[in-house]
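**Student:** In the numbering used here, the protein residues as written are 507 to 653. Beta carbons are placed, not taken as given, at the ideal position from N, Cα and C, and that holds for glycine. Keep in mind it's a predicted model, so treat the numbers as computed, not measured.
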Amino acid sequence: MHIPYMLLNQQYQMHSVIGSIVSDLMYGNRVQKCTKKVIEDHILPLPESFLTMMTGYSIAWIHIATEESVDKNSRSMQNIGEAIACINLAASLIGQHKMCSDHIIIIMSYSTQGQESNIVIYDIVWSNQYLIIGFLENFKCLNVAIS
Numbered sequence: 507m508h509i510p511y512m513l514l515n516q517q518y519q520m521h522s523v524i525g526s527i528v529s530d531l532m533y534g535n536r537v538q539k540c541t542k543k544v545i546e547d548h549i550l551p552l553p554e555s556f557l558t559m560m561t562g563y564s565i566a567w568i569h570i571a572t573e574e575s576v577d578k579n580s581r582s583m584q585n586i587g588e589a590i591a592c593i594n595l596a597a598s599l600i601g602q603h604k605m606c607s608d609h610i611i612i613i614m615s616y617s618t619q620g621q622e623s624n625i626v627i628y629d630i631v632w633s634n635q636y637l638i639i640g641f642l643e644n645f646k647c648l649n650v651a652i653s
């Protein structure tokens, strides 16, 4: 059975750089940016202790090279090193830029979809020696997480 759909082709929520990534990779550039100028101008530099290939942009990819492990109680995968790095990054942003902690959220995978914040620290949680990327293999899950 074919169910017709309509693409909502305008987005107002995301910074235009992030919106462009989502539009390009997930929707073939069919989603237009309708972002207010107010949020376009807010770019925080990363703390010097966090090395990254990109800085001074609205999005930064930070590599954290720590091993994942299995939680003994739940048998779920976890990466304590990545969790600590996310907490340290948030603390650095709060300390250096006098940010309110209410303006920063840390999300792992797509467990907190639907939330909004001025700063989002998104932990992919898939650093492992086998190069297995888990749910990120599904582009729909990645789309939900990034957008």
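Between the C-alpha atoms of VAL528 and GLU643, what's the straight-line distance to the nearest angstrom?
**Tutor:** Counting from one through the sequence shown, the residue named residue 528 turns up at place 22. Counting from one through the sequence shown, the residue named residue 643 turns up at place 137. Distance between the alpha carbons of VAL528 and GLU643 is about 16 Å.
**Student:** Could you check how far apart the C-beta atoms of ILE610 and LEU599 are, in whole angstroms? I think they sit under 8 Å.
**Tutor:** As a working note, residue 610 is residue 104 in the sequence shown. As a working note, residue 599 is residue 93 in the sequence shown. With 8 Å as the limit, ILE610 and LEU599 qualify as a contact, their Cβ atoms being about 6 Å apart.
**Student:** Pull the bridge partners of LYS539 from the DSSP assignment, please.
**Tutor:** Within the sequence shown, the letter at position 33 stands for residue 539. For LYS539, which the question treats as bridged, DSSP gives the partners GLN517.
**Student:** Under a Cβ-count criterion, where at least 16 other Cβ atoms within 10 Å of its own Cβ denotes burial, should GLU622 be classed as buried or exposed?
**Tutor:** On the sequence shown, position 116 is the one that residue 622 refers to. Exposed, because fewer than 16 other Cβ atoms sit within 10 Å of the Cβ of GLU622.
**Student:** Check the C-beta distance from LEU648 over to ILE627 and give it rounded, since I have them as a contact under 8 Å.
**Tutor:** Position 142 of the sequence shown holds residue 648. Position 121 of the sequence shown holds residue 627. At roughly 16 Å, the Cβ-Cβ gap does not stay under 8 Å, so LEU648 and ILE627 are not in contact.
**Student:** From the DSSP output, which residues share a beta bridge with MET614?
**Tutor:** Numbered from 1 along the sequence shown, position 108 holds the residue referred to as residue 614. BP columns for MET614 point to ASP629.
**Student:** So the candidates are SER653, ASP629, PHE645 and ALA651; which of them puts its Cα closest to the Cα of ILE568?
**Tutor:** Your numbering for residue 568 matches position 62 in the sequence shown. Cα-wise, what sits closest to ILE568 is ASP629.
**Student:** Roughly how far, in whole angstroms, is the beta-carbon of MET520 from the beta-carbon of SER653, given that I think they are within contact range, below 8 Å?
**Tutor:** Numbered from 1 along the sequence shown, position 14 holds the residue referred to as residue 520. Numbered from 1 along the sequence shown, position 147 holds the residue referred to as residue 653. Contact holds; Cβ gap of about 6 Å.
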